[in-house]
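Reading through the structure tokens given below for one structure.
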Amino acid sequence: MKPSFFHRLLDLLAPRLCVVCGRRLTVTEKVLCANCNMHLPRTGFQFSPLDNPMARLFWGIIPVERVAALFYYESHSKVSNILYDMKYHDHPEIGFIMGRMMAVEFSEAGFFDGIDLIVPIPLASKRQRQRGYNQSMELARGISHMTGLPIYNRVVRRTRFEKSQTRMGRRDRQENVDSVFQVQDIDTLHGHHVLLVDDVITTGATMTACARELLKADGIKLSLLSLAYAKST
């Protein structure tokens, strides 16, 4: 769709910048400039959603249908700039745009076929009050906008504010999130294929803990999706 005169004027008065390189965006670009978008490290996991490095984190731990992330994550990288701005610089719109991007690219591989609903990983109420939004919810909103899948953001809640996991290993991360989720409306999930959405997967501890609560529902199928996957070193 051709940008309106208003949007062109707004770009002139308050230019939008690429979250990766800081260059001014054109009126047709959103969040990322075309050059940065082209060179971001995509995983391609959507083309092998049951056998990829992220999916293997969950093998033998929880039953999953499909597992994928859009980008590889490394600290101090272009992808880390996107995540940092989205989470800590009051830019929920980044999550929405990235969710739309995931939906478009993954739909081409049939990733969303047969999925009934989206559940974003919830934040603890204290953290959500501090941040003002849940970045996983914003990603889910973008996916929903493009796919038409409904979002169920009240079927599971986070019961406590756990420690930051940035410097933790796999075992410590798992212990940190054990029992922090509680399913709220289990009947809503019965017999459905649920897409669980988060922003970044490192060890899979948070996703596993939340998935185990959702799996208390009868006949449920689970697929997992994140914006980024942190490669093991």
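For the sequence shown, my numbering assigns the number 16 to the initial residue and increments by one for each residue that follows.
A virtual CB, placed ideally from N, CA and C, is assigned to each residue, including glycine.
{"Check": "CB contact flag (PRO64, VAL82, <8 Å)", "Outcome": "yes"}
{"Check": "Residue from LEU242, ASP202, SER151 and MET113 whose Cα sits closest to the Cα of ASP233", "Outcome": "ASP202"}
{"Check": "Start-to-end residues for the alpha helix (DSSP H) that takes in VAL209", "Outcome": "VAL209 -> not in any alpha helix (DSSP H); beta strand (DSSP E) instead, spanning 208 to 216."}
{"Check": "SER238, DSSP secondary structure in three states", "Outcome": "strand"}
{"Check": "Buried or exposed by the 16-neighbour rule on C-beta atoms within 10 Å, applied to TYR87", "Outcome": "buried"}
{"Check": "Element boundaries [beta strand (DSSP E), containing TYR88]", "Outcome": "82 to 88"}
{"Check": "Outcome for VAL215 when other beta-carbon atoms lying within 10 angstroms are tallied against a minimum of 16", "Outcome": "buried"}
{"Check": "Cβ contact (3+ pairs, closer than 8 Å) linking the region 54 to 62 and the region 196 to 210", "Outcome": "no"}
{"Check": "C-alpha distance - GLY219 paired with PHE73, whole-angstrom precision", "Outcome": "7 Å"}
{"Check": "Alpha-carbon to alpha-carbon, PRO30 and SER140", "Outcome": "34 Å"}
{"Check": "Contact between the region 115 to 132 and the region 145 to 165 (3+ Cβ pairs under 8 Å)", "Outcome": "yes"}
{"Check": "Span of the alpha helix (DSSP H), counted from its first residue to its last, around ILE158", "Outcome": "150 to 162"}
{"Check": "Supposed contact pair LEU229 and LEU211 - C-beta distance, whole angstroms, cut 8 Å", "Outcome": "7 Å"}
{"Check": "Test item: CB-CB of ARG172 and GLN143 under 8 Å", "Outcome": "no"}
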